[in-house]
Every structure is written in C-alpha cells, then in structure tokens.
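Colleague:
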Amino acid sequence: MAFLEPGTEPVHCDSLIDFIRYAVMAPSGHNTQPWTFAVGHSEILIQPDSKRRLPVVDPDDHALFMSLGCALENLVIAAETAGAQATPEYFPDDAEPGTIRVQLTEPGPTREDSRDPDPARLFAAIPVRQSTRRGYDGRPFSPAAIAGLEAAAAEPLVFTQIITDRNAVEIVANHAEAACQAQFRDPAFVAELMHWIRFSRKEAETFRDGLAARTMGLPPVPRWLGLWLMRLATGPKREATRTANQLRSASALMVFSVTADTPEAWVRAGRSFERSALWATAEGMKHAHANMPCEAPHVRERLRQALGLPGRPVLLIRLGYAEPMPPAYRRPLEAVIRQPGAESPPHPTASASDAAR
Ligand SMILES: Cc1cc2nc3c(=O)[nH]c(=O)nc-3n(C[C@H](O)[C@H](O)[C@H](O)COP(=O)(O)O)c2cc1C
39 MAFLEPGTEP VHCDSLIDFI RYAVMAPSGH NTQPWTFAVG HSEILIQPDS KRRLPVVDPD
99 DHALFMSLGC ALENLVIAAE TAGAQATPEY FPDDAEPGTI RVQLTEPGPT REDSRDPDPA
159 RLFAAIPVRQ STRRGYDGRP FSPAAIAGLE AAAAEPLVFT QIITDRNAVE IVANHAEAAC
219 QAQFRDPAFV AELMHWIRFS RKEAETFRDG LAARTMGLPP VPRWLGLWLM RLATGPKREA
279 TRTANQLRSA SALMVFSVTA DTPEAWVRAG RSFERSALWA TAEGMKHAHA NMPCEAPHVR
339 ERLRQALGLP GRPVLLIRLG YAEPMPPAYR RPLEAVIRQP GAESPPHPTA SASDAAR
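All letters in the sequence shown, in the order written, are residues 39 to 395 by our numbering.
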C-alpha cells in the first residue's frame, strides 16, 4: 500500500466503505459489475474482476475498463462531497495489473484542485441515475443543456460529440442498425447476451447482476420460457429497427471517442460518460446506451469516418425525456470488497445458479 504525502491527513475507514457503496451504483456493460475493491490506509484499490469479462462483445476489455471508470467517477464524487480529496493513479507498477489506486486525503485549506464546484449535485444523482431503455419524447434540449453536457464530459484523452442535427442522427441510426443486425446474426453474441439476462425474479435476486427482465420492459418469466420467447420475438432485423427508432426518438446523441486506444483512456471515457450521465440525471434527463456501432469493428470505422471523429468511438448514448423504468440490481458490498492481495470474493455457486433457474 502507498504512503500518504507528508502534511496530508488520512480519511476515516468507515467513510471509505461508504464511498464504495456509491461506486457500485455505477453502470457496467450487461450489468456484469466487473469490479472488486480493496480498502487500505487512506486508499481504495479498484480492480477488474476477470471472471466478469464479456469476451465476445468486448474482446479487448475496453468496455470493462469504461465500467471501472464509471465506478471510479462515482467514488471520486462521493469522496469530494464528503470533503475529502480523491487522487486516482492509473495502473501503478507496484499493484496488480489493471489496478486503479485512489488516494484519499483531507483537503488543504484551499480546494483549487477540485474539479467540480458543486459535487453534491452530481452525488445526489448517483442513486437516481439509470439506463432508461424505452423510447423518448424527442423534446429538444436547450443550448444551455447542451453546453452543460459538454462541460460535464470534459476529460483528458476523451473527445465527445453531441449530435442534434436530424441528418447526423439518421447517419448514426443507420450505422447502429447495421451493427445490431450483424451482432444478432452472431450466435456467440446472442449466447453471451442470453447468459447475462435474468429472466425470472428468482434469478435476478440470486445473482443481483445482469440484465433483469424488468429493466428491459419485460415481465419476469421462468428462464426456459424467456429463452423461448426471445427466440420467437427477437430477430436481427426486428432488434435493429427497434434500436434505430429509439435513437431517432432522442433529444440528442452523444458519441464518446478516445484519442489514445489505451486502458487509461478507456477508464477516462467511463469517467467522462458517468459525469455527463449524472449531470443529465440532475437535470431530469434520461439516457441509454446504443453501443452496437462502436462494438462491431467494420461499422465502428465507418462511423468514425462519417462523423470525422479524431479517435476510436467507444460509447454511443442517447439522451432525452421519458418516464423512469425499474432499477437494475447490484451485488452486496461483501461480494465486491476484498482484502488486498486476496482472491476475489465468492460468487454464487453452481448449486445456487441451478436453484435459481
Ligand atoms: C461500458 C458500458 C457499455 C454498455 N453497453 C450497453 C449496450 O450496448 N446496450 C444497453 O442497453 N446497455 C448498455 N449499457 C448499460 C448497462 O446495461 C447498464 O448500465 C446496467 O444494466 C446497469 O443498469 P443501470 O445503468 O440502470 O444502473 C452499458 C454500460 C456501460 C458502462
């Protein structure tokens, strides 16, 4: 564990656990919650949980590191709201690969280094933020709202483009349609997605991760029935049309690109997205992901060229106004906090998973 800089005061350990409580409310791809946390003397280590990778849709782990970035951002905002100073260090040499170390100290008398003059506003939005996967009402955003989103997203190595022009929205929707069709034609993609869908309430409550039926606007059903209905009701064309129409219903689209294709840039993209999502939530806006055109490599390059992006597009978000949906599950803290150097905490056992199905 690292030592504190001379002249800085440690933050109390109970607060550190509280910061993690807010970190785990972060979004993650397929709600895998691919993180573990280790608490040290005035520091928290955020580490990837390799058992929760998505090898088909995310073979290089860029979405996994973005998810860690979202958790990091929540943690930093919670610490700043509590009056502490949170200083992240990306992938230090003396820690396990993939570790983000966050050093937490009492701030000095001046807080000139604080990024946000009002972290409490973003903090209050953490438990409210959700991915709202329904159509939006298309009401336009004001110029002040667009400027606020842009300001919230500012982050080194990350370039964001906010799209409201209808022709540009159409270009993005067409790319999403093409990517979605390609993905749903790939049996490996569909199998990985189905693995993370929690069709029944029992499954959802046992695992407390993955995509619960209620968060996708579906009624809970037994797993066998859910799989059968999915095969019947979803197909590449239908899913692609639905995705494109949802993009068209948004007030604005937001594309996040990284100007360096590295894990640090991916973490920073996650931070940038989470800050914008919290800012939007505080303003009463909803958001949802439509990452397909960033995931399918052949479509991604075409999207980059069509939008003139300076780097790799990694996230596509739609924003707008809609009624909320039921919240997603999260695993309890004891499932994600581990002792430094120890194995990751236990997961539901095979017998628990069988019982849930
Ligand atoms: C890096 C990343 C990629 C995501 N990709 C998608 C996606 O392609 N489609 C989607 O519907 N949701 C996507 N999500 C949203 C997650 O499924 C969602 O955050 C998770 O289910 C938890 O729900 P919540 O955001 O409501 O807390 C993504 C989230 C992250 C952080």
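Cβ atoms here follow ideal geometry from the backbone N, Cα and C, with glycine treated the same way.
Whole angstroms are fine: how far does the CA of residue 197 sit from the CA of residue 125?
Modeller: 22 Å
Colleague: If you compare alpha carbons, which of 360, 59, 78, 312 is closest to residue 189?
Modeller: With distances taken between CA atoms, residue 189 lies nearest to 312 out of 360, 59, 78, 312.
Colleague: State yes or no: is the C-beta of residue 326 nearer than 8 Å to some heavy atom of ligand 1?
Modeller: yes
Colleague: Mapping DSSP to helix, strand and coil, what is residue 54?
Modeller: helix
Colleague: Is residue 119 near residue 158, with beta carbons less than 9 Å apart?
Modeller: It is a contact, given that the beta carbons lie within the stated cut-off.
Colleague: According to DSSP, is residue 148 part of a helix, a strand, or is it coil?
Modeller: Caution is warranted here: a pLDDT of 48 is assigned to residue 148, below 50, making its placement in the model unreliable, and the coordinate value is therefore given only provisionally. Assignment of residue 148 by DSSP, reduced to helix, strand and coil, places it in the coil class.
Colleague: Excluding the 5 residues flanking residue 287 on each side, which residues of the same chain have their C-beta closer than 6 Å to its C-beta?
Modeller: 173, 174, 176
Colleague: When you compare the CB positions of residue 308 and residue 110, do they come within less than 9 Å of one another, or not?
Modeller: yes
Colleague: Using DSSP with H/G/I as helix, E/B as strand and the rest coil, what is residue 92?
Modeller: coil
Colleague: Mind listing, in chain order, the continuous alpha helix (DSSP H) runs of no fewer than 4 residues lying wholly within the stretch 317 to 343?
Modeller: 330 to 333
Colleague: Is it buried or exposed, residue 283, if we count other Cβ atoms within 10 angstroms and call 16 or more buried?
Modeller: exposed
Colleague: Rounded to a whole number of angstroms, what is the C-alpha to C-alpha distance between residue 46 and residue 141?
Modeller: Annotation note: pLDDT 49 at residue 46 (below 50); position unreliable, coordinate value reported separately. Just so you know, the alpha carbons of residue 46 and residue 141 end up roughly 11 Å apart.
Colleague: From this set, 199, 76, 219, which residue's C-alpha is nearest residue 354's C-alpha?
Modeller: Residue 199 is the option with its Cα nearest to residue 354.
Colleague: Would you say the beta carbon of residue 213 is closer than 8 Å to some non-hydrogen atom of ligand 1?
Modeller: no
Colleague: Would you list, in sequence order, the uninterrupted alpha helix (DSSP H) runs of no fewer than 4 residues that lie entirely inside the stretch 69 to 125?
Modeller: Listed in chain order, they are 100 to 119.
Colleague: Comparing the CB of residue 38 with every heavy atom of ligand 1, is any distance shorter than 8 Å?
Modeller: There is simply no residue 38 to check, as the chain begins at 39 and stops at 395 in what is shown.
Colleague: Provide the residue(s) that pair with residue 351 in DSSP beta bridges, ordered along the chain.
Modeller: 295
Colleague: Rounded to whole angstroms, what's the CA-CA distance from residue 151 to residue 123? Just pull it up for me.
Modeller: Its pLDDT being 49, under 50, residue 151 is placed unreliably by the model, and the measurement read from it follows with that caveat. Their Cα atoms are separated by approximately 9 Å.
Colleague: For chain C, check one thing: does any of its Cβ atoms lie closer than 9 Å to the Cβ of residue 204?
Modeller: Protein chains in the displayed structure number just one, and chain C is not present.
Colleague: Starting from the Cα of residue 325, find the closest Cα among 362, 240, 108, 347 and give me that residue.
Modeller: 362
Colleague: Whose C-beta lies closer than 6 Å to the C-beta of residue 127 among residues of the same chain, with five residues either side of it excluded?
Modeller: 139
Colleague: Given the structure, does residue 219 come close to ligand 1, in the sense that its CB is under 8 Å from one of the ligand's heavy atoms?
Modeller: Checking the Cβ of residue 219 against ligand 1 gives no.
Colleague: Rounded to whole angstroms, what is the Cα-Cα separation between residue 389 and residue 145?
Modeller: With a pLDDT of 39 at residue 389, under the threshold of 50, the modelled position of that residue is not reliable, and the figure given next carries that caveat. Answer to the nearest angstrom: the Cα atoms are 48 Å apart.
Colleague: Ordered along the chain, which non-local residues of its own chain (more than five positions away) have a Cβ less than 6 Å from that of residue 14?
Modeller: Residue 14 is absent from the structure shown; the chain starts at 39 and stops at 395.
Colleague: Buried or exposed: where does residue 149 fall if 16 or more other Cβ atoms within 10 Å of its Cβ makes it buried?
Modeller: Its pLDDT being 48, under 50, residue 149 is placed unreliably in this model, and the value from its coordinates should be taken loosely. With a threshold of 16 other beta carbon atoms within 10 Å, residue 149 falls short and is exposed.
Colleague: Measure the beta-carbon distance from residue 87 to residue 74 and round it to whole angstroms, keeping in mind my assumption that it falls under 8 Å.
Modeller: 5 Å
Colleague: Ordered along the chain, which non-local residues of its own chain (more than five positions away) have a Cβ less than 8 Å from that of residue 121?
Modeller: 144, 145
Colleague: Just the Cα atoms here: how many angstroms apart are residue 263 and residue 270?
Modeller: 10 Å
Colleague: What I want to know is whether the C-beta of residue 370 ends up closer than 8 Å to one or more non-hydrogen atoms of ligand 1.
Modeller: no
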